[in-house]
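Numbering (our numbering), first residue to last: 1 to 123.
By construction, the Cβ of each residue, glycine as well, lies at the ideal position given by its N, Cα and C atoms.
The structure appears right after this line, and notes come after that.
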Amino acid sequence: MRVLYLDDEQPLVLLVARMLEHLGHAVSGFTNAGEALQAFKASPREFGLVLTDMSMPGMSGLEFAQQILAIDPKATVVIATGCEDPNWADHARASGVRDVIEKPGSIQEMANILDRLLSHSSV
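So, in structure tokens, the structure goes:
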């Protein structure tokens, strides 16, 4: 499955992309929301999962998710965040986001979370 991954921190994009590739998934990683949107617009059905960070300069992860869902309402979008406000997560889900995950403390935790999400996603 191809994953679109957006985070404003380049080292994290490289790390998560490498981890997902190790789990057997193709990854298109981005640090710029505009570039990520253009890639999605060009071929929305190519991506089985869109994973975005919440806190980014210029466009929040929720704004990015809403734009993705405007292009393809059936897209599987997940937001990763350090915010623990349950009201925010409920709002994101009400906007069409499939899941909101807390940024884990370790790479292994993130691998486990993403593997679970990807194994339950369908292209």
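Spatially closest choice to residue i from the options, by CA coordinates
i           : options           : result
residue 79  : 40, 56 and 70     : 56
residue 43  : 113, 8, 75 and 15 : 75
residue 2   : 40, 12, 9 and 32  : 40
residue 30  : 7, 15 and 45      : 7
residue 38  : 83, 10 and 68     : 68
residue 101 : 54, 59 and 73     : 54
residue 62  : 88, 49, 84 and 71 : 88
Cross-strand partners of residue i (DSSP beta bridge)
i          : result
residue 2  : 26 and 47
residue 80 : 53 and 101
Contact set for residue i: own chain, Cβ-Cβ below 7 angstroms, skip 5 residues either direction
i          : result
residue 46 : 2
residue 10 : 31
Residues of its chain near residue i, where Cβ-Cβ distance is below 8 angstroms and the 5 sequence neighbours each way are ignored
i          : result
residue 64 : 6, 33, 36, 37, 52 and 56
residue 84 : 102
residue 14 : 29
Cut-off 6 angstroms between Cβ atoms - residues of its own chain near residue i, not counting five sequence neighbours on either side
i          : result
residue 18 : none
residue 20 : 3 and 27
Original post:
When the Cβ atoms of the stretch 111-119 are set against those of the stretch 89-97, are three or more pairs found closer than 8 angstroms?
Top reply: Here the stretch 111-119 makes no contact with the stretch 89-97; the two share fewer than three CB pairs at distances below 8 angstroms.
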